[in-house]
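All remarks here apply to the structure that follows.
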Amino acid sequence: MEKYVIEGGSQLKGEVIISGSKNAALPIIIASLLTDNEVVLYNVPFLKDIQTTISIIEYLGKKVYWVDHSCIKIISNREPYKEKGYVIAPYELIKKMRASFLVSGALLANYNKVKAALPGGCAIGARPVDIHIKAFEQLGVDHYVDGGYEVFIKNKARVKKNVVRFRYPSVGATENIMLFASKIPQEITIVNSATEPEIVDLAEFLKKLGVKIEGAGTNIIRIVGCKKFLSSKIEHKVIPDRIETGTYIIAAGITKGELLLKQTVPQHLSYVIKKLRSSGLKIETEEDKIYIRWVKMLKPQNITTRPYPYFPTDLQAQFMALMSITKGVSKIKETVFENRFLHVSELNRMGANIVVDGNTAIVTGVEKLKGAEVMVSDLRAGAALVLAGLAAEGISKISHIYHLDRGYENLADKLTSLGAKIKRIQED
Ligand code: EPZ
182 MEKYVIEGGS QLKGEVIISG SKNAALPIII ASLLTDNEVV LYNVPFLKDI QTTISIIEYL
242 GKKVYWVDHS CIKIISNREP YKEKGYVIAP YELIKKMRAS FLVSGALLAN YNKVKAALPG
302 GCAIGARPVD IHIKAFEQLG VDHYVDGGYE VFIKNKARVK KNVVRFRYPS VGATENIMLF
362 ASKIPQEITI VNSATEPEIV DLAEFLKKLG VKIEGAGTNI IRIVGCKKFL SSKIEHKVIP
422 DRIETGTYII AAGITKGELL LKQTVPQHLS YVIKKLRSSG LKIETEEDKI YIRWVKMLKP
482 QNITTRPYPY FPTDLQAQFM ALMSITKGVS KIKETVFENR FLHVSELNRM GANIVVDGNT
542 AIVTGVEKLK GAEVMVSDLR AGAALVLAGL AAEGISKISH IYHLDRGYEN LADKLTSLGA
602 KIKRIQED
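Below is the structure:
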């Protein structure tokens, strides 16, 4: 099994180029299923989840080439296989990455009968898809569950109503319905849609196909699809990864270092930057750069995770690592996922003092963390443990790091270039 061995204590200094956004690239790669035109995507991060998504669209008939380390070319190779008239999105692929349930929206745009494996839950929560399913139903899609698959039958004639109202601004459900609506030649409105930058990026891509979309980035999105897309090659540059950006901002803070982040979008993290500035981190932003310098002992901060533009749940664990060595008491409330405190016990094994009370973690800052053997439970918890290892006294050994390969491109190389002492080893 591969592990990271980190010797803590280095102050990170230097420049980091932020990679493309995993959570923008995934739905856009899936959106390529909507068209037979050639699609070229730039600033695509080379990650496990991207590879998984590529294998899914290749199973469904596409051919994908890596033009260089961050550019992919997607062309249509064949029609997807069908089983008794149904296009199948198979469990062995969907189970690897929940976001692949988005293929249901893209396939339903083109085909009347689709069977999509239901994604399981994961470490951070049950991750139901009821909001997706209810919206498909409202848009005239019949469905039933059969052997772990959601069986969809699009009833061509009837889009029951053209307004779908989400009970919660689900990112995935917003993306799924945007994909499905892309070929419905009438106005579909999503009310209480997610407003994340990744939604806006997907909308920008769909507009290049000829889909009319208004309101992406707000909680009311209007879409008018088109039966026939523009027949030109589509090129799109994926936005930078705001969660990777936030992770490196916190890395500068937790190691008392000084970093310049390049090729990022500061506006995508305004709320996080505001919180970290009030904690005492010096942060300056201009165009596509963010400069961070640790200048004084930080002050504890309370945060509540919420949908964009508030504090993102995907930075909660990393922020907790920073607060674990910030003198005073910080309260961290997680409202997006029901089980996203799995990093607490591992941080406490490194000497942190964190008590969980329902959906709130009470963090009492300690002088120093101590290196330890710890285990990654999920992607962002893993980032928190790497950050803690960088700040801790002594050696940390981090296992189950395959979770990190899903969401951080060249993590060890980027950290090493900043002065971190981190090695990837093979150990049983
Ligand atoms: C996306 O997941 C991201 N993943 C997650 O990032 C991110 O944490 C999440 O949005 C919230 O910002 C990708 O974009 C690939 P949701 P998604 O639907 O779409 C509940 C990472 O680390 N819910 O907004 O699954 C759900 O259980 C990952 O990169 C329902 O109850 O998030 C959760 O509690 C982790 N029913 C909450 O809503 C539904 O039908 C938010 O889920 C859908 C969601």
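The opening residue of the sequence shown carries number 182 in the numbering used here; numbering runs sequentially from there.
No residue lacks a Cβ here, since even glycine has one placed at the ideal position from N, Cα and C.
A quick note: this is a predicted structure, and the numbers were derived from the prediction, not measured.
According to the DSSP secondary-structure assignment, Glu548 is paired through a beta bridge with no residue. By the CB criterion at 7 Å, Ser281 and Ile235 fall outside the cutoff. Note that the C-beta distance between Glu439 and Arg474 is below 7 Å.
Looking at the DSSP output, Phe492 shares a beta bridge with Thr486. For Ala354, the shortest C-beta to heavy atom distance toward the ligand EPZ is below 6 Å.
Per DSSP, the continuous alpha helix (DSSP H) segment holding Val567 begins and ends at 560 to 572.
With 16 or more other Cβ atoms inside 10 Å of its own Cβ, His449 counts as buried. Within 6 Å of the C-beta of Phe227 there is not a single heavy atom belonging to the ligand EPZ.
Of the residues assessed, Tyr267 falls on the buried side of the cut-off, its CB having 16 or more other CB atoms within 10 angstroms. The three-state reading of DSSP puts Pro421 in strand, counting E and B together.
When the five nearest sequence neighbours on each side are left out, the beta carbons in the same chain lying within less than 8 Å of the beta carbon of Met182 are those of Ser580, His581, Gln607, Glu608, Asp609, in order along the chain. Boundaries for Gln607: no alpha helix (DSSP H) harbours it, while the beta strand (DSSP E) harbouring it runs 602 to 607, taken from the DSSP string. A straight-line Cα-Cα distance of about 45 Å links Lys595 and Lys294.
Contact between the region 308 to 325 and the region 239 to 257 is not established, with fewer than three Cβ pairs separated by less than 8 Å. For the beta strand (DSSP E) assignment, the uninterrupted runs of no fewer than 3 residues enclosed by the region 274 to 306 are, from N- to C-terminal side, 294 to 298. Rounded to the nearest angstrom, the gap between the Cα atoms of Ile420 and Val510 is 35 Å. Taking non-hydrogen atoms of the ligand EPZ into account, the C-beta of Ser351 is found less than 6 Å away from one of them.
Under the DSSP assignment, Asn534 falls in the beta strand (DSSP E) whose first and last residues are 534 to 538. In the three-state reduction of the DSSP assignment, Ala542 falls in the strand class, which pools E and B.
A straight line joining the alpha-carbon of Ser451 with that of Met359 spans about 26 Å. Taking C-alpha positions only, Phe410 is separated from Gly391 by approximately 6 Å. Not one heavy atom of the ligand EPZ falls within 6 Å of the beta-carbon of Asp422. Between the region 204 to 222 and the region 365 to 384 there are three or more inter-stretch CB-CB distances shorter than 8 Å, so the stretches are counted as touching. Around the beta carbon of Thr399, fewer than 16 other beta carbons sit within 10 angstroms, so the residue counts as exposed.
With a threshold of 6 Å, the Cβ atom of Phe518 counts as near the ligand EPZ, since some heavy atom of the ligand is closer than that. At the C-beta level, Ala572 and Thr436 come within 7 Å of one another.
Excluding the 5 residues flanking it on each side, Lys184 has same chain C-beta neighbours closer than 7 Å at Lys578, Ile579, Ser580, Ile582, Ile606, Glu608, in chain order. Here the alpha carbon of Gly570 sits roughly 29 Å from the alpha carbon of Pro488. Looking at Leu496, Ala601, Arg279, the one whose alpha-carbon comes closest to that of Ala297 is Arg279.
For Ile275, the CB stays at least 6 Å from every heavy atom of the ligand EPZ.
DSSP assignment within the region 385 to 466 yields the following whole alpha helix (DSSP H) runs of 4 residues or more, N-terminal first: 423 to 435, 451 to 460.
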